[in-house]
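Peer 1: Before anything else, here's the structure in question.
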Amino acid sequence: MENFVTGILINGLLIGTLYAIIALGYTMVYGVLQLINFAHSEVFLTGGVVAFEIFRVLSPAPGAEPGTGMNPYLVFAVALVTAIVVCGALNIVIERLAYRPLRNAPKLVPLISAIGVSLILQDVIKLLEGFQGRFQLAVNVPGAFTRTVFTVADTNVKGIDLTLLIVAAVMLFGLNRLVNHSRVGRAIRAVAQDRVTAGLMGIDSNRMISLTFLIGGALGGVGGVLFALKFPNLDPYSGTIPGIKAFSAAVLGGIGSIPGAVLGGLVLGIIENFLGSLSGLVFIFPKLAFLGAIKAEYKDVGAFIALIVILIFKPSGLLGRNATEKV
Amino acid sequence: MSALLSKAAAGSVLSVKALTKTFGGLLAVNAVDLEVPRASIVSVIGPNGAGKTTFFNMITGIYEPDAGSIELDGRDLVGLRPDQVTKAGIARTFQNIRLFASMTAEENILVGRHPRLKAGYVDALLRTRKFREDEESAHEAAGVLLDFVGLKRQAQELSTSLPYGDQRRLEIARALATNPKVILLDEPAAGMNPRETENLKALIRSVRDELGVTVVLIEHDMRLVMTLSEYITVLDYGTKIAEGLPHVVRSDAKVMEAYLGRGAAAGEYGKQQSGTDGVAHV
Chain A
1 MENFVTGILI NGLLIGTLYA IIALGYTMVY GVLQLINFAH SEVFLTGGVV
51 AFEIFRVLSP APGAEPGTGM NPYLVFAVAL VTAIVVCGAL NIVIERLAYR
101 PLRNAPKLVP LISAIGVSLI LQDVIKLLEG FQGRFQLAVN VPGAFTRTVF
151 TVADTNVKGI DLTLLIVAAV MLFGLNRLVN HSRVGRAIRA VAQDRVTAGL
201 MGIDSNRMIS LTFLIGGALG GVGGVLFALK FPNLDPYSGT IPGIKAFSAA
251 VLGGIGSIPG AVLGGLVLGI IENFLGSLSG LVFIFPKLAF LGAIKAEYKD
301 VGAFIALIVI LIFKPSGLLG RNATEKV
Chain B
1001 MSALLSKAAA GSVLSVKALT KTFGGLLAVN AVDLEVPRAS IVSVIGPNGA
1051 GKTTFFNMIT GIYEPDAGSI ELDGRDLVGL RPDQVTKAGI ARTFQNIRLF
1101 ASMTAEENIL VGRHPRLKAG YVDALLRTRK FREDEESAHE AAGVLLDFVG
1151 LKRQAQELST SLPYGDQRRL EIARALATNP KVILLDEPAA GMNPRETENL
1201 KALIRSVRDE LGVTVVLIEH DMRLVMTLSE YITVLDYGTK IAEGLPHVVR
1251 SDAKVMEAYL GRGAAAGEYG KQQSGTDGVA HV
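Those protein sequences? They're chains A and B, same order as listed.
First residue of the first sequence: 1, per my numbering; consecutive thereafter.
First residue of the second sequence: 1001, per my numbering; consecutive thereafter.
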């Protein structure tokens, strides 16, 4: 039983960390523009495609002589840096072309624009990879990442899992430094709270909005690389479900709140894993045979039911500020 | 009068000429001139809707004027964005307080310090020397300013948890943090009790006397305006109807009329009050 719970927590934590990284991109953009950047799921997927390409080109092909080719961690580092640059730049371009011209339009207009960008990016990815005859992208994950490093409570912790936790920790640390303890972070927060006043404090709000998209895109790109290594079968639509979940995580934590996005991601990951593992309880408690009917495929249903229930009782999210409407 | 004006023009830090703004069919500000002598305290007064805040909004780049010029130390500001105007040396406060609500008093001032700092996000991530020196100087400046407005002990309090009068003072400190040549105060005494207003008066004086920052004031509290200002401009329906030294303005017939209506200005009130309090009770 203890092993069962520990396993759920570990796996939930891992997937939740991924959601958290992606959720940060949604929540930061929402913070400065009150816009849900639906294209973020594709920006994230672009990170995955970058990883696919880098590992395809730089890593030795499966079955090659062991010890040949580039060091897998070096390839990983190249993939990370490339994804940060590509996805950060992509996000800046998206904002510049699709959102900024609509800055003063009603809120729904840029939202539709975001959905449009999302669909366009899916097709661009399909086109680019499809041209080369690839419709399913099987990521060439080096053995170093799939190997089990150690086992805790019957749960295998693999190379990618450790890598994921370390990368996420470093990024969250950096993000916290940037947002809470630096000039640009203060400026971003000022723009998020009151763009006009921020302007009168000498802050160029367009610059800060671009910077926010850069940070969100870079985080999404890193998330994409890690996702591609953990779930190495991608197609042009692979971004959608993790994107929706990360967005839900951001809402769960309180959209606009950075710690909220992290907490929301972790909570959603753990809930999802718990519900996905319910059928496993049958082996521990044979009397609960009905649980066997709750297959792992239902984990998404369960996760979203939990989300709805939490939001009914806490509409502003776990760490969101209460927006009481004045009548 | 003309001698005074030409003297003012010669030593002007801020020089506004024929500034005009229309909203649809409404002429909000109509060809208004304003010369602000360096290190002076001047006021712009007028009844509600006279165009005072619109006038400030044009100077700070929030609205682009339809016509006219704004020069700060000879530099044309028309067409600049608000952040560029701030960098050029104009800061302001607001009629309704606009502090950053989820930040502490100190953080609000640090935001105001933004245009005077240099370190970018790469510096922040890598904790470069530039970043550390920047942050140190910003915190130091924030400390000095908090002390200046008497809020040193409240540095780590959430800005919105401060009493009303303190929030107004914090807003002034935040504006000063941008290192302005000119600070525009939009109704700083609004909603203050008499004691808070007295403190504010002393603060505005020390902004000019100790920091050498030129003050332009929009205010309805006539006692404050008359005792603080060295020079007053009166707007009504977007047009300048009078200007001059406080004692001249307060006995001006047009000003009386704007505030009290035609009959009152011509009748008893004007005679009775002129030379004593004038518009002070309006």
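The beta-carbon is built from N, C-alpha and C at its ideal position, and this holds for glycine as well.
Since we're looking at a predicted model, the values are computed, not measured.
Using a cut-off of 9 Å between C-beta atoms, extract the partners of A/R96 located in chain B.
Peer 2: Counting from 1 along the first sequence, the entry for residue 96 of chain A is found at position 96. What A/R96 touches in chain B: nothing, since even the nearest Cβ is about 17 Å away.
Peer 1: Can you give me the Cβ contacts of A/F38 inside the same chain, cut-off strictly under 6 Å, excluding the 5 residues immediately before and after it?
Peer 2: Residue 38 of chain A sits at position 38 when you count from the first residue of the first sequence. A114, I115 and S118.
Peer 1: Answer with yes or no whether the minimum CB distance from B/S1306 to chain A is below 8 Å.
Peer 2: Nothing can be reported for residue 1306 of chain B: it is not among the residues displayed for chain B, which extend from 1001 to 1282.
Peer 1: Apart from the five residues just before and just after A/I203, which ones in its own chain have a Cβ nearer than 7 Å to its Cβ?
Peer 2: Numbered from its first residue, the first sequence carries residue 203 of chain A at position 203. Cβ neighbours of A/I203 within its own chain (closer than 7 Å, five residues either side excluded): A187, A190 and V191.
Peer 1: With DSSP as the reference, please indicate the residues paired to B/V1032 in a beta bridge.
Peer 2: Within the second sequence, residue 1032 of chain B is the residue found at index 32, counting from 1. Partner(s): B/L1019.
Peer 1: Taking B/D1134 as the query, report the chain A residues whose CB atoms sit under 7 Å from its CB, ordered along the chain.
Peer 2: Taking the second sequence and counting its residues from 1, one reaches residue 1134 of chain B at position 134. Those within 7 Å of B/D1134 in chain A are R183.
Peer 1: Report the rounded CA-to-CA distance for B/L1110 versus B/R1169, giving the unit in angstroms.
Peer 2: Within the second sequence, the letter at position 110 stands for residue 1110 of chain B. Within the second sequence, the letter at position 169 stands for residue 1169 of chain B. So the alpha carbons of these two residues sit roughly 15 Å apart.
Peer 1: Return no unless some Cβ of chain B is closer than 8 Å to the Cβ of A/T197.
Peer 2: Residue mapping note: residue 197 of chain A aligns to position 197 of the first sequence, counting from 1. Yes - at least one Cβ of chain B is within 8 Å of the one on A/T197.
Peer 1: In terms of residues, what are the limits of the beta strand (DSSP E) holding A/F173?
Peer 2: Within the first sequence, numbered from 1, the residue matching residue 173 of chain A stands at position 173. A/F173 -> not in any beta strand (DSSP E); alpha helix (DSSP H) instead, spanning G159 to N180.
Peer 1: List the endpoints of the continuous beta strand (DSSP E) containing B/L1117.
Peer 2: Mapped onto the second sequence, residue 1117 of chain B falls at position 117. Where B/L1117 is concerned, there is no enclosing beta strand (DSSP E), given that its DSSP letter is neither H nor E.
Peer 1: Can you check whether the CB of A/F44 is closer than 8 Å to the CB of A/G223?
Peer 2: Position 223 of the first sequence, counting from 1, holds the residue named residue 223 of chain A. Position 44 of the first sequence, counting from 1, holds the residue named residue 44 of chain A. Yes, they are a contact pair.
Peer 1: Return the chain-ordered list of same chain residues with a C-beta closer than 7 Å to the C-beta of B/T1020, the five sequence neighbours on each side being excluded.
Peer 2: Here residue 1020 of chain B corresponds to residue number 20 of the second sequence, with the count starting at 1. Here the set comprises V1029, N1030, A1031, P1065, D1066, A1067 and G1068.
Peer 1: Within a Cβ cutoff of 7 Å, which residues of the same chain sit near A/V184, ignoring the five residues on either side of it in sequence?
Peer 2: Along the first sequence, one-based indexing puts residue 184 of chain A at 184. Cβ within range, chain order: L178 and L211.
Peer 1: I believe A/L24 touches A/I258 by the beta-carbon criterion, under 8 Å. Please report the beta-carbon distance rounded to the nearest angstrom.
Peer 2: Here residue 24 of chain A refers to the residue found at position 24 when the first sequence is read from its first residue. Here residue 258 of chain A refers to the residue found at position 258 when the first sequence is read from its first residue. With a Cβ gap of about 7 Å, A/L24 and A/I258 count as contacting.
Peer 1: Out of curiosity, what's the CA-to-CA distance linking B/R1132 and A/L172?
Peer 2: If you number the second sequence from 1, residue 1132 of chain B lands on position 132. If you number the first sequence from 1, residue 172 of chain A lands on position 172. Their Cα atoms are separated by approximately 20 Å.
Peer 1: Determine, for A/L330, whether the minimum Cβ-Cβ distance to residues of chain B falls below 8 Å.
Peer 2: Nothing about residue 330 of chain A can be reported from this structure: the residues present for chain A run from 1 to 327 only.
Peer 1: So who's on the other strand from B/R1205, going by DSSP bridges?
Peer 2: As a working mapping, residue 1205 of chain B is identified with position 205 in the second sequence. None, per the DSSP bridge assignment.
Peer 1: Output the distance between the C-alpha atoms of B/Q1154 and B/D1166, rounded to the nearest integer angstrom.
Peer 2: Walking along the second sequence from the start, residue 1154 of chain B turns up at place 154. Walking along the second sequence from the start, residue 1166 of chain B turns up at place 166. Rounded to whole angstroms, B/Q1154 to B/D1166 spans 9 Å at the Cα level.
Peer 1: Using 8 Å as the cut-off, can you tell me whether the segment 1114-1134 of chain B makes contact with the segment 1201-1216 of chain B, which would need three or more C-beta pairs spanning the two stretches below that distance?
Peer 2: In short, these stretches do not touch, since the Cβ pair count stays below three.
Peer 1: Any C-beta of chain B sitting closer than 8 Å to the C-beta of A/T324?
Peer 2: Looking up residue 324 of chain A in the first sequence gives position 324. Its pLDDT being 49, under 50, A/T324 is placed unreliably by the model, and the measurement read from it follows with that caveat. Answer no: the Cβ-Cβ gap between A/T324 and chain B never drops below 8 Å.
Peer 1: Taking Cβ positions, are A/L175 and A/G16 nearer each other than 8 Å?
Peer 2: Counting from one through the first sequence, the residue named residue 175 of chain A turns up at place 175. Counting from one through the first sequence, the residue named residue 16 of chain A turns up at place 16. No, Cβ-Cβ distance for A/L175 and A/G16 is not below 8 Å.
Peer 1: With a cut-off of 8 Å on the beta carbons, I'd call A/V225 and A/A79 a contact; round off their distance for me.
Peer 2: What you label residue 225 of chain A is simply residue 225 of the first sequence in a count that begins at 1. What you label residue 79 of chain A is simply residue 79 of the first sequence in a count that begins at 1. Sure, about 5 Å apart at Cβ, within 8 Å.
Peer 1: Could you check what DSSP says for B/E1187 in three-state terms: helix, strand or coil?
Peer 2: Mapped onto the second sequence, residue 1187 of chain B falls at position 187. Correct three-state label for B/E1187: coil.
Peer 1: By the 10 Å Cβ neighbour count, where 16 or more other Cβ atoms means buried, how is A/P101 classified, buried or exposed?
Peer 2: As a working note, residue 101 of chain A is residue 101 in the first sequence. It is exposed - the Cβ of A/P101 has fewer than 16 other Cβ atoms within 10 Å.
Peer 1: From the DSSP output, which residues share a beta bridge with B/V1044?
Peer 2: Here residue 1044 of chain B is taken as the residue at index 44 of the second sequence, counted from 1. Beta bridge pairing from DSSP links B/V1044 with B/I1218 and B/T1233.
Peer 1: CB B/V1016 to CB B/L1034, shorter than 8 Å?
Peer 2: Walking along the second sequence from the start, residue 1016 of chain B turns up at place 16. Walking along the second sequence from the start, residue 1034 of chain B turns up at place 34. For B/V1016 and B/L1034, yes; Cβs fall inside 8 Å.
Peer 1: By alpha-carbon positions, which one of B/Y1164, B/V1042 and B/V1144 ends up nearest to B/A1190?
Peer 2: In the second sequence, the residue the question calls residue 1190 of chain B occupies position 190. The residue with the shortest Cα to Cα distance from B/A1190 is B/Y1164.
Peer 1: With 16 other CB atoms within 10 Å as the buried threshold, where does A/F76 fall?
Peer 2: Residue numbering aside, residue 76 of chain A sits at position 76 when the first sequence is read from its first letter. Flag for A/F76 reads buried.
Peer 1: If we count the other Cβ atoms within 10 Å of its Cβ and call it buried at 16 or more, is A/A153 buried or exposed?
Peer 2: Residue numbering aside, residue 153 of chain A sits at position 153 when the first sequence is read from its first letter. Flag for A/A153 reads exposed.
Peer 1: When the Cβ atoms of the segment 1222-1236 of chain B are set against those of the segment 1038-1050 of chain B, are three or more pairs found closer than 8 Å?
Peer 2: yes
Peer 1: Only counting runs of 4 or more residues, tell me where the alpha helix (DSSP H) segments fall wholly within the segment 269-293 of chain A, in order along the chain.
Peer 2: With a minimum length of 4 residues, the continuous alpha helix (DSSP H) runs that stay inside the segment 269-293 of chain A are 281-284.
Peer 1: Looking only at DSSP bridge pairs, what is A/F150 linked to?
Peer 2: As a working note, residue 150 of chain A is residue 150 in the first sequence. DSSP lists A/V157 as partners of A/F150.
Peer 1: Looking only at its own chain, which residues have a Cβ that is under 8 Å from the Cβ of B/L1200, when we skip the five neighbours before and after it?
Peer 2: Here residue 1200 of chain B refers to the residue found at position 200 of the second sequence. Correct list, in chain order: G1165, R1168, R1169, P1188, A1189, M1192 and L1224.
Peer 1: So, does the segment 1194-1210 of chain B touch the segment 1232-1252 of chain B, judging by three or more C-beta pairs under 8 Å?
Peer 2: no
Peer 1: At a Cβ cut of 8 Å, what residues of the segment 50-62 of chain A count as close to chain B, listed as they run along the chain?
Peer 2: none
Peer 1: Can you tell me which of A/T155, A/V196, A/G253 and A/E129 puts its alpha carbon nearest to the alpha carbon of B/R1289?
Peer 2: In the structure as shown, chain B starts at 1001 and stops at 1282, and residue 1289 of chain B therefore has no counterpart that could be examined.
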